[in-house]
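**Student:**
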DNA sequence: TTGAAAGCGCTACCAG
DNA sequence: CTGGTAGCGCTTTCAA
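So, in structure tokens, the structure goes:
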């Protein structure tokens with residue numbers, strides 16, 4: 001292990017003080033001649049500032065914590081990756097933690113992340129109602145993706161316009177003549193997703209469609225469980241529907257398999273509609289209709305809001321992403 | 336923003352010196368009485384040691400860099416997530432970077448990761464032959480997943496026993512009477528001793544099966560491109576094969592779609608075989624036969640080797656993961 | 001068993 | 001425009 005050169009070394013090499021070297025390398029100060037001399041010295045020595053020392057001196061780490069509720073959900077898995085990339089592109093780096101569907105773990109990871117002293121936090125929470133979000137949001141800029149943190153008014157949020165999204169989907173389905181739709185809600189360990197349920201009911205009523213609500217097992221369940229659970233619903237309360245509308249694409253994939261288990265052809269016997277538009281949907285389909293939120297839009301909005309908040313020391317903003325109906329697959333006929 | 340308590344505060348609160356407090360909190364020194372008093376003080380103040388300051392003082396960051404070649408590959412995406420989780424469980428945290436299929440970016444990210452002064456590096460390289468791995472492996476413990484770094488003898492590795500894996504697959508196929516197989520190669524070579532191509536040829540010859548090699552487009556291609564590329568192959572050089580054997584599951588998913596494009600039923604007209612056993616395969620199937628490497632085995636081996644290397648200051652080990660043939664789907668008949 | 005003090009490498013204030 | 005120098009918060013000798 002060769003000892004790395006320090007700022008001292010560079011300063012000595014360039015024949016200036018450490019202060020001058022520091023300023024020069026950051027382009028903050030110094031005559032052109034000095035700056036150039038310092039740069040050359042740094043170059044010659046292969047110097048790179050130590051981010052640890054810098055962090056201690058400035059009080060900012062350049063790190064952003066990303067906390068996901070469950071990366072078993074393909075959307076979150078992709079989100080985590082995209083957020084990391086976007087942050088890296090903007091000169092910060094992400095520390096990603098995954099609660100894996102367990103609220104207790106979410107809490108523990110949050111504590112670990114906090115100790116890490118990130119400059120900010122990006123979260124896709126399992127339990128948005130948890131009290132701990134409040135404390136965290138008071139200490140760090142926090143931006144929540146996909147929902148609001150009702151207990152943490154100082155947190156920013158990037159939310160989807162589910163109202164508009166559901167309007168599009170139900171209009172689409174009703175327009176094709178479907179009258180009976182099963183809706184698979186997303187799993188929330190602690191809180192039933194009341195608002196989503198209400199939206200579904202309202203839009204279904206508006207277009208004269210009857211709905212059967214299906215609650216999935218918790219996010220920790222593996223894919224086979226999910227498939228069997230949905231297959232059971234299809235044989236039970238949801239028997240005879242012509243559409244399964246899933247509030248996430250991971251659920252929609254499972255619904256496709258459940259249809260196969262029941263011997264229903266998609267989209268001829270049964271249509272399956274997703275609500276996220278993952279690109280793997282292309283591989284999983286056909287016969288999967290999905291709704292797109294524009295992935296980059298979400299990521300850009302979240303990262304943008306957080307960085308503005310960090311850099312200008314203001315509260316993070318809230319923004320809403322509008323939906324586009326992207327019919328990738330084919331929605332089958334009503335029965 | 337409330338100022339966090341420091342070690343000084345705890346020391347003052349407990350009526351001891353900072354040194355004593357530091358030792359006491361880490362359980363390194365001190366009479367039981369003192370230790371207890373300091374603990375209580377820390378508790379009362381809600382003290383948590385600042386990892387930045389600690390890192391500066393000790394020279395170790397507790398961070399492990401994870402560099403993926405392309406998380407568009409679902410296997411790598413999952414790998415990144417699992418590695419983060421495993422590291423977190425062992426008291427370290429991961430900084431994940433994704434080269435997204437671009438070797439230039441891989442180089443740049445590696446430089447960024449190095450500046451970060453991680454305690455070690457876990458890599459799934461795009462270009463294992465690149466010269467920069469050599470420098471890196473000399474400065475940090477590095478464990479490479481999925482292949483070896485031929486230019487970096489000091490790096491550890493967790494490799495798959497592809498030879499044994501292919502033997503299993505070809506035996507399986509030949510046993511079912513298949514005589515003509517298309518093999519979709521990955522961009523990465525990935526063998527301890529020999530390129531995948533040679534292995535394929537050798538095992539095919541051994542069991543008397545003829546193969547058509549298909550090279551996929553680069554990892555940056557999107558899923559639709561991949562599908563079309565494979566569909567073209569199925570109409571061209573690979574027309575008439577009864578099996579498409581894909582060296583990664585992501586490719587296998589695309590192959591399933593390509594079969595659909597060509598109007599071939601899976602597994603009746605054409606069997607599709609994967610080589611990773613991702614759990615989403617359950618959702619994407621049916622008719623997808625996959626080979627399992629035991630995901631936890633890989634992650635545990637990689638993380639285990641790296642941490643031993645970091646903690647005991649020895650060169651990381653190399654290990655080989657044995658395959659299991661897990662027939663999830665159904666392999667169809669020969670034609 | 002405890003404490004004073006010297007760093008770790010960098011930034012930023014304040015004089016010159 | 002430049003250079004001392006005092007921290008940032010913690011660990012770790014070395015003495016007491």
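Chains as they are written, first to last, in our numbering: chain A, 1 to 335; chain B, 336 to 670.
Each residue gets a CB set at the ideal place from its N, CA and C atoms; glycine is no exception.
Given the structure is predicted, the values throughout are model-derived calculations rather than measurements.
The segment 369 to 399 of chain B: which residues have C-beta closer than 7 Å to a C-beta of chain A, in chain order?
**Tutor:** 383, 385, 386, 387, 388, 390, 391 and 396
**Student:** Can you tell me whether residue 78 of chain A is buried or exposed? The criterion is at least 16 other CB atoms within 10 Å of its CB, across all chains shown.
**Tutor:** Here residue 78 of chain A is taken as the residue at index 78 of the first chain, counted from 1. Per the 10 Å Cβ criterion, buried.
**Student:** For the beta strand (DSSP E) containing residue 319 of chain A, list its first residue and its last residue.
**Tutor:** By one-based count along the first chain, residue 319 of chain A stands at place 319. Taken as a continuous stretch (DSSP letters only), the beta strand (DSSP E) holding residue 319 of chain A covers 318 to 321.
**Student:** Within 8 Å of any Cβ in chain B, is that where the Cβ of residue 102 of chain A sits?
**Tutor:** As a first step, residue 102 of chain A is located in the first chain; it is residue number 102 there, counting from the start. Cβ-Cβ to chain B under 8 Å: no for residue 102 of chain A.
**Student:** For the segment 144 to 156 of chain A, enumerate the residues whose C-beta is nearer than 7 Å to any C-beta of chain B, in chain order.
**Tutor:** none
**Student:** Note down the Cα distance separating residue 251 of chain A from residue 227 of chain A, rounded to an integer number of angstroms.
**Tutor:** Taking the first residue of the first chain as position 1, residue 251 of chain A is located at position 251. Taking the first residue of the first chain as position 1, residue 227 of chain A is located at position 227. Taking the Cα positions, residue 251 of chain A is about 9 Å away from residue 227 of chain A.
**Student:** Ordered along the chain, which non-local residues of its own chain (more than five positions away) have a Cβ less than 7 Å from that of residue 543 of chain B?
**Tutor:** What you label residue 543 of chain B is simply residue 208 of the second chain in a count that begins at 1. Cβ within range, chain order: 509.
**Student:** Please name the residues in the segment 402 to 416 of chain B whose beta-carbon is closer than 8 Å to at least one beta-carbon of chain A, in chain order.
**Tutor:** 406, 409, 412, 413, 415 and 416
**Student:** Taking Cβ-Cβ distances below 8 Å as the criterion, which residues of the segment 422 to 436 of chain B are in contact with chain A?
**Tutor:** 423, 428, 429, 430, 431, 432, 433 and 435
**Student:** Taking only three categories from DSSP, how would you classify residue 639 of chain B?
**Tutor:** Counting from one through the second chain, the residue named residue 639 of chain B turns up at place 304. Reduced to three states, the DSSP call for residue 639 of chain B is helix.
**Student:** Can you pull out the residues from the segment 107 to 123 of chain A whose beta carbon lies closer than 9 Å to at least one beta carbon of chain B?
**Tutor:** 109, 111, 112, 113, 114, 115, 116 and 117
**Student:** Indicate the three-state DSSP secondary structure (helix, strand or coil) for residue 486 of chain B in the structure shown.
**Tutor:** Numbered from 1 along the second chain, position 151 holds the residue referred to as residue 486 of chain B. Coil, per DSSP.
**Student:** Between A:133, A:9 and A:126, which has its C-alpha nearest residue 50 of chain A's C-alpha?
**Tutor:** Within the first chain, the letter at position 50 stands for residue 50 of chain A. Minimum Cα distance to residue 50 of chain A is reached at A:9.
**Student:** Would the beta-carbon of residue 140 of chain A fall within 8 Å of that of residue 121 of chain A?
**Tutor:** To locate residue 140 of chain A, count along the first chain from 1; it is residue 140. To locate residue 121 of chain A, count along the first chain from 1; it is residue 121. In this structure, residue 121 of chain A lies closer than 8 Å to residue 140 of chain A by Cβ.
**Student:** Just the Cα atoms here: how many angstroms apart are residue 641 of chain B and residue 415 of chain B?
**Tutor:** As a working mapping, residue 641 of chain B is identified with position 306 in the second chain. As a working mapping, residue 415 of chain B is identified with position 80 in the second chain. Cα-Cα distance, rounded: 15 Å.
**Student:** Taking the runs of the alpha helix (DSSP H) that are 4 residues or longer, which of them lie wholly in the segment 416 to 455 of chain B?
**Tutor:** 438 to 450
**Student:** Which one or two residues does DSSP pair with residue 291 of chain A in a beta bridge?
**Tutor:** As a first step, residue 291 of chain A must be located in the first chain, where it is residue number 291. DSSP, once it has assigned bridges, lists A:325 as partnering residue 291 of chain A.
**Student:** Tell me the DSSP secondary structure of residue 63 of chain A in three-state form.
**Tutor:** Residue 63 of chain A sits at position 63 when you count from the first residue of the first chain. Three-state result, residue 63 of chain A: strand.
**Student:** Give the residues of chain B in contact with residue 180 of chain A, contact being defined as C-beta atoms less than 7 Å apart.
**Tutor:** Translated into positions along the first chain, residue 180 of chain A becomes position 180. Correct list: empty, because the minimum Cβ distance to chain B is about 25 Å.
**Student:** Answer with yes or no whether the minimum CB distance from residue 361 of chain B to chain A is below 8 Å.
**Tutor:** On the second chain, position 26 is the one that residue 361 of chain B refers to. Taking Cβ atoms only, chain A never reaches closer than 8 Å to residue 361 of chain B, which makes this a no.
**Student:** Please compile the residues from chain B whose C-beta is within a distance smaller than 8 Å of the C-beta of residue 84 of chain A.
**Tutor:** For the purposes of this step, residue 84 of chain A is identified with residue 84 of the first chain, where counting begins at 1. In chain order: 431, 432 and 433.
**Student:** Could you tell me which residues DSSP puts in a beta bridge with residue 491 of chain B?
**Tutor:** Within the second chain, residue 491 of chain B is the residue found at index 156, counting from 1. Looking at the DSSP assignment, residue 491 of chain B forms a beta bridge with B:478.
**Student:** For residue 492 of chain B, which option in B:547, B:573, B:569 and B:633 has the closest C-alpha, if you only look at C-alpha atoms?
**Tutor:** Sequence index remark: in the second chain, residue 492 of chain B carries index 157 (1-based). Per the Cα distances, B:633.
**Student:** If distances are taken between C-alpha atoms only, which option among A:201, A:230 and A:27 comes closest to residue 167 of chain A?
**Tutor:** For the purposes of this step, residue 167 of chain A is taken as the residue at position 167 of the first chain. With distances taken between Cα atoms, residue 167 of chain A lies closest to A:201.
**Student:** Taking the C-alpha atoms as reference points, what is the distance between residue 302 of chain A and residue 34 of chain A?
**Tutor:** Along the first chain, read from residue 1 onward, the residue named residue 302 of chain A stands at position 302. Along the first chain, read from residue 1 onward, the residue named residue 34 of chain A stands at position 34. Using only the alpha carbons, I get a separation of about 40 Å.
**Student:** According to DSSP, is residue 471 of chain B part of a helix, a strand, or is it coil?
**Tutor:** Within the second chain, the letter at position 136 stands for residue 471 of chain B. In this structure, residue 471 of chain B counts as helix in the three-state DSSP scheme.
**Student:** Residue 89 of chain A and residue 68 of chain A - do their beta-carbons sit closer together than 8 Å?
**Tutor:** One-based indexing of the first chain puts residue 68 of chain A at position 68. One-based indexing of the first chain puts residue 89 of chain A at position 89. Cβ atoms of residue 68 of chain A and residue 89 of chain A: not closer than 8 Å.
**Student:** For the alpha helix (DSSP H) containing residue 592 of chain B, name the first residue and the last one.
**Tutor:** Residue mapping note: residue 592 of chain B aligns to position 257 of the second chain, counting from 1. Start and end: 584 to 596.
**Student:** Roughly how many angstroms separate the alpha carbons of residue 288 of chain A and residue 259 of chain A, rounded to a whole number?
**Tutor:** On the first chain, position 288 is the one that residue 288 of chain A refers to. On the first chain, position 259 is the one that residue 259 of chain A refers to. Cα to Cα, the separation comes out at about 12 Å.
**Student:** Checking contacts by CB at 8 Å: is residue 290 of chain A closer than that to chain B?
**Tutor:** By 1-based counting over the first chain, the position of residue 290 of chain A is 290. No, residue 290 of chain A lies away from the interface with chain B (no Cβ there is under 8 Å from its Cβ).
**Student:** Measure the alpha-carbon distance for residue 254 of chain A versus residue 211 of chain A and round it to whole angstroms.
**Tutor:** Locating residue 254 of chain A in the first chain gives position 254, where the first residue counts as 1. Locating residue 211 of chain A in the first chain gives position 211, where the first residue counts as 1. Between residue 254 of chain A and residue 211 of chain A, the C-alpha separation is close to 19 Å.
**Student:** For the beta strand (DSSP E) holding residue 517 of chain B, just list the boundary residues, first then last.
**Tutor:** Translated into the one-based positions of the second chain, residue 517 of chain B becomes position 182. 515 to 519 is the span of the beta strand (DSSP E), which, as asked, contains residue 517 of chain B.
**Student:** Counting only the same chain and skipping the five closest in sequence on each side, list residues whose C-beta sits under 6 Å from that of residue 500 of chain B.
**Tutor:** As a first step, residue 500 of chain B must be located in the second chain, where it is residue number 165. Cβ neighbours of residue 500 of chain B beyond the five flanking positions: 626 and 658.
**Student:** For residue 606 of chain B, does the three-state DSSP call read helix, strand or coil?
**Tutor:** Taking the first residue of the second chain as position 1, residue 606 of chain B is located at position 271. DSSP places residue 606 of chain B in strand when its eight states are reduced to three.
**Student:** Leaving out the 5 sequence neighbours to the left and right, which residues in its chain are closer than 8 Å to residue 95 of chain A when beta-carbon positions are compared?
**Tutor:** Walking along the first chain from the start, residue 95 of chain A turns up at place 95. Same-chain partners within the cutoff: 63, 64, 65, 66, 113, 116 and 118.
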